[in-house]
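**Q** Just passing along the structure, written as structure tokens.
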Amino acid sequence: MALSRETMTDEQRKSVVLEYLKAFDNGGVTSTGDGILDLFADDAQAYFPKWGLANGKEEIGRMFGDVGSTIKKIEHHYSHFNWVFSGSDVVVVEGTSHGEHRDGPWRAGVPEWAAGRWCDVFEIRDWRIQRLFIYLDPDYAAKDTERYPWLADRT
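For the sequence shown, the residue numbers in full-length UniProt numbering are 1 to 155.
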């Protein structure tokens, strides 16, 4: 991991997070036309449920390729974000989304128990994402219901 050389404000870290999420909504392309991986440090770590931990840009790219190949379209609901700043390099953002997965569409709250709610934990230094852990239900189309008895009367 590289040593930090530049002190960033919470608002600056927030701008990196927004650039990342908007790039994801734009098929992996940032507002400057760069790829989403350009927002990451070379030795960054990322986690996605049911994929696991990716170390370094190459593995993160493979993770995004694997997950992204199942998503036809995604849109994050920016006006509904809940931001938590730690006073250090950590930024947590909780939000909702909708879109279309290869197995079908999803929208947060439809139904209430299904996909679309998420929480991301970022560590950002020197204008680069050092660590990103994504917490969400990867069953976007809400097909995995038989294993959860409490959903039997809701599907």
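For each residue, glycine too, the CB sits at the ideal point set by N, CA and C.
Being a predicted model, the structure only gives us computed values, none of them experimental.
Between residue 60 and residue 78, what straight-line distance do the alpha-carbon atoms span, to the nearest angstrom?
**A** The straight-line gap from Cα to Cα measures roughly 24 Å.
**Q** Quick one: grab the DSSP three-state call for residue 33.
**A** DSSP places residue 33 in coil when its eight states are reduced to three.
**Q** Go through its chain and collect everything with a Cβ distance to residue 75's Cβ below 8 Å, but skip five positions before and after it.
**A** Cβ within range, chain order: 25, 97, 98 and 99.
**Q** Using a Cβ-Cβ cutoff of less than 7 Å, which residues in the same chain neighbour residue 85 once the five nearest sequence positions on both sides are dropped?
**A** Answer for residue 85: 10 and 91, listed in chain order.
**Q** On a Cα-Cα basis, can you pick out the residue from 149, 148, 137 and 37 that is closest to residue 109?
**A** Comparing Cα positions, the closest option is 137.
**Q** So what does DSSP say about residue 111, is it helix, strand or coil?
**A** Coil at residue 111, not helix or strand.
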